[in-house]
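All letters in the sequence shown, in the order written, are residues 5 to 178 by the numbering used here. Structure record follows, encoded as structure tokens.
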Amino acid sequence: MRTIWLNDIHLEFLGEPEIGRFLGELDDCHAEAALIAGDIAQAGSVVGFLRQTQDRLGIPIYFVLGNHDYYYGSIAGVRSEIGNLTHVCSHLHWLSDCGVVSLTPKTSLVGHDGWGDGRLGDYENSPVKLNDFSLIAELSGIGRQQLLHRLMRLGDEASWNAKHSQSASRLKPT
Numbered sequence: 005m006r007t008i009w010l011n012d013i014h015l016e017f018l019g020e021p022e023i024g025r026f027l028g029e030l031d032d033c034h035a036e037a038a039l040i041a042g043d044i045a046q047a048g049s050v051v052g053f054l055r056q057t058q059d060r061l062g063i064p065i066y067f068v069l070g071n072h073d074y075y076y077g078s079i080a081g082v083r084s085e086i087g088n089l090t091h092v093c094s095h096l097h098w099l100s101d102c103g104v105v106s107l108t109p110k111t112s113l114v115g116h117d118g119w120g121d122g123r124l125g126d127y128e129n130s131p132v133k134l135n136d137f138s139l140i141a142e143l144s145g146i147g148r149q150q151l152l153h154r155l156m157r158l159g160d161e162a163s164w165n166a167k168h169s170q171s172a173s174r175l176k177p178t
């Protein structure tokens, strides 16, 4: 299967002419599927970019979201919009929602949006403050301990998804 793999494409920094050229270059690859590994755009534009990409390429697009895809929005809001989109756009497959995908008889694809959960390192004494903590609604305007608990919940969700996907992939017929 001929695939194209895109990572951290941040389409919010491109104008319509550049996006058109970018999608044209992807179309010229004559791929059978596309894999997008997050940071596609930002909350207000990620749905439109995914729809535009599907309409232009006309191939299955398997994707996860990155932290930037939630910027200037909320996790719950973006997830709801993406869920609605993938239920009406047959070529868009949000891996966090659709589970294990069989690509070939011997190859499956799994993915999840994933989050750094603050468990490793020295969270308490770290001076690092990611933009996530001010640009994503659920992570902004809260104290460090509440933020840590929210990050840990997101990490637990990603971990559960990975374990569940791994178990499900073992059950798939070969």
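All C-beta atoms, glycine included, are put in the ideal place defined by N, C-alpha and C. Since this is a predicted model, take the numbers as computed values, not measurements.
Please classify Val104: does DSSP put it in a helix, a strand, or coil? Secondary structure of Val104 (DSSP, three-state): coil.
Take Trp119 and list the residues in its own chain whose beta-carbon comes closer than 7 Å to its own, dropping the five residues that flank it on each side. Closer than 7 Å at Cβ, skipping near neighbours: Leu155, Leu158, Gly159 and Ala162.
What is the DSSP secondary structure of Gly159, reduced to helix, strand or coil? Here Gly159 sits in helix by DSSP.
If you count every other CB in all the chains shown that lies within 10 Å of the CB of Ile54, and 16 or more means buried, which is it? Reading off the sequence shown, one finds Leu at residue 54, where the question assumed Ile. It is buried - the Cβ of Leu54 has at least 16 other Cβ atoms within 10 Å.
Would you give the residue range spanned by the alpha helix (DSSP H) that His91 belongs to? Ile79 to Val92
Helix, strand or coil at Leu143 [DSSP, three-state]: DSSP places Leu143 in helix when its eight states are reduced to three.
With which residues is Phe2 paired in a DSSP beta bridge? Since the displayed the chain opens at 5 and closes at 178, residue 2 lies outside it and no answer follows.
Within 10 angstroms of the Cβ of Val92, are there 16 or more other Cβ atoms? Answer buried if so, exposed if not. Here Val92 is exposed: its Cβ has fewer than 16 other Cβ atoms, across all protein chains shown, within 10 Å.
From the beta carbon of Gly103, is the nearest beta carbon of chain C less than 9 Å away? Among the chains in the structure shown there is no chain C, since it carries only a single protein chain.
Given this structure, state the Cα-to-Cα distance separating Ala80 from Thr57, to the nearest angstrom. Rounded to the nearest angstrom, the two C-alpha atoms are 23 Å apart.
Leaving out five residues on either side along the sequence, give the residues of the same chain with a beta carbon under 7 Å from the beta carbon of Gly122. Leu152, Leu155 and Met156
Between which two residues does the beta strand (DSSP E) holding Leu113 run? Thr111 to Leu113
Start and end of the beta strand (DSSP E) containing Tyr8? The amino acid occupying residue 8 in the given sequence is Ile; Tyr does not appear at that position. Where Ile8 is concerned, the enclosing beta strand (DSSP E) stretches over Thr7 to Leu10.
Just verifying my parser: in three-state terms, what is the DSSP assignment at Val76? Contrary to the premise, residue 76 reads as Tyr rather than Val in this sequence. The three-state reading of DSSP puts Tyr76 in coil, since its state is none of H, G, I, E or B.
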